[in-house]
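A.B. asks: If you scroll down you'll find the structure; I have some questions about it.
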Amino acid sequence: MLQDLEQLVQLQALDAEIAVLEAAIATIPDQIRMMEQQFVQAKAALDAAAAEVEQLQKLRRQKERDLDEAGREIKKRQGRLYEIKTNQEYSATLKEVEGLKQKISTLEEEILISLDAIDSTVKLRDQEEQKVRVAQAEFLKNKQQREDELHKLQDRLSILRKTRESRSERVEASLLQLYLRLLKSRDGLAVAQATGRSCEGCHVTITPQLYNEVRRNEAIRTCEGCGRILYWKG
Ligand SMILES: [Zn+2]
């Protein structure tokens, strides 16, 4: 086979492998981002559970303050009962004390309920915390794997690029230009086999004369349909 033609066929195989590697490398950052998303979601669930605990505790503290306040109000009124002169005022104050007692019992009940709610929310938060730990460990492990994979691919790619460079230096300059143009415009297939009397690239039938020339692999011949460089694989 013509030296240049041989080089081009091998160059094209290299370029195909390089394209596959580049595509694989390009997907890795997205894969890592997607894996991180799961970890971020677990973290968001934890933050929400922690915020709920915080909120419930804040409400409980408020109720405890209200309880203390109601206790003080009762004492104030009970102390005042001895100084009251009129029956009307006396019974009004007693009624207030009753109301406050009612309020205290309601608050005490609400505080008990809120303590239960805090308990179960704390449990939920702890579970979410555990999930975050698992998700984080998982994410870091997978990320490391992907990064190791990335480095392997990059090493392989740089070897292939060097091989490609030295190989393309052996091809005559204007032919190399034609090859590169075709590679770009013909979807990665610049050098096409002539199989079954037609071009592998565009499937147009090759004239008998061109076919005979291509079969000899002794000159650069291009397809009349798509312009690809034709060769014969004996
Ligand atoms: Zn063609």
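Once you know that position 104 of the sequence shown is 109 in this note's numbering, the rest is easy, because the numbers rise by one and skip nothing.
Backbone N, C-alpha and C define an ideal beta-carbon position, used for all residues, glycine too.
Just reading off the beta strand (DSSP E) that A49 is part of, what are its end residues?
C.D. replies: Within the sequence shown, the letter at position 44 stands for residue 49. Element bounds for A49: not the beta strand (DSSP E) but the alpha helix (DSSP H), 8-85.
A.B. asks: Cutting at 7 Å between CB atoms, please list the residues of its own chain near T210, excluding the five before and the five after it.
C.D. replies: The count along the sequence shown starts at 1 and reaches residue 210 at position 205. Within the same chain, T210 has close Cβ partners R202, S203.
A.B. asks: Could you tell me if the beta carbon of A199 falls within a distance shorter than 7 Å of some heavy atom in ligand 1?
C.D. replies: Here residue 199 refers to the residue found at position 194 when the sequence shown is read from its first residue. Answer for A199: no, Cβ out of range of ligand 1.
A.B. asks: Please state if the CB of C231 and the CB of G206 are separated by a distance shorter than 8 Å.
C.D. replies: The sequence position of residue 206 within the sequence shown is 201, counting from 1. The sequence position of residue 231 within the sequence shown is 226, counting from 1. For G206 and C231, yes; Cβs fall inside 8 Å.
A.B. asks: Within its chain, find whatever has a CB closer than 7 Å to the CB of L10; leave out the 5 residues flanking it on each side and keep chain order.
C.D. replies: As a position in the sequence shown, residue 10 is number 5, starting the count at 1. Correct list, in chain order: N222, I225, Y236.
A.B. asks: Assuming contact is defined by CB atoms lying nearer than 8 Å, are A199 and Y216 in contact in what I supplied?
C.D. replies: Numbered from 1 along the sequence shown, position 194 holds the residue referred to as residue 199. Numbered from 1 along the sequence shown, position 211 holds the residue referred to as residue 216. In this structure, Y216 lies closer than 8 Å to A199 by Cβ.
A.B. asks: For the alpha helix (DSSP H) holding V102, just list the boundary residues, first then last.
C.D. replies: Here the question's residue 102 lines up with position 97 in the sequence shown. From DSSP, the alpha helix (DSSP H) with V102 extends over 92-174.
A.B. asks: Look at I123 and L61 and say whether their C-beta atoms are less than 8 Å apart.
C.D. replies: Counting from 1 along the sequence shown, the entry for residue 123 is found at position 118. Counting from 1 along the sequence shown, the entry for residue 61 is found at position 56. Yes, Cβ-Cβ distance for I123 and L61 is below 8 Å.
A.B. asks: Following the continuous alpha helix (DSSP H) through V219, name the residue where it begins and the one where it ends.
C.D. replies: In the sequence shown, residue 219 corresponds to position 214, counting from 1. 213-221 is the span of the alpha helix (DSSP H), which, as asked, contains V219.
A.B. asks: For ligand 3, any of its heavy atoms closer than 7 Å to the Cβ of V14?
C.D. replies: For ligand 3, the structure offers nothing, since it holds only ligand 1.
A.B. asks: Counting C-beta neighbours from all protein chains within 10 Å, is the total for V196 16 or more, i.e. buried, or is it exposed?
C.D. replies: Sequence index remark: in the sequence shown, residue 196 carries index 191 (1-based). Buried, because 16 or more other Cβ atoms sit within 10 Å of the Cβ of V196.
A.B. asks: What are the residues that DSSP puts in a beta bridge with I234?
C.D. replies: Along the sequence shown, one-based indexing puts residue 234 at 229. Partner(s): V196, T227.
A.B. asks: Using only alpha-carbon positions, find the residue among K90, S179, A28, E101 that is nearest to L158.
C.D. replies: One-based indexing of the sequence shown puts residue 158 at position 153. If we check each option's Cα against that of L158, A28 comes out closest.
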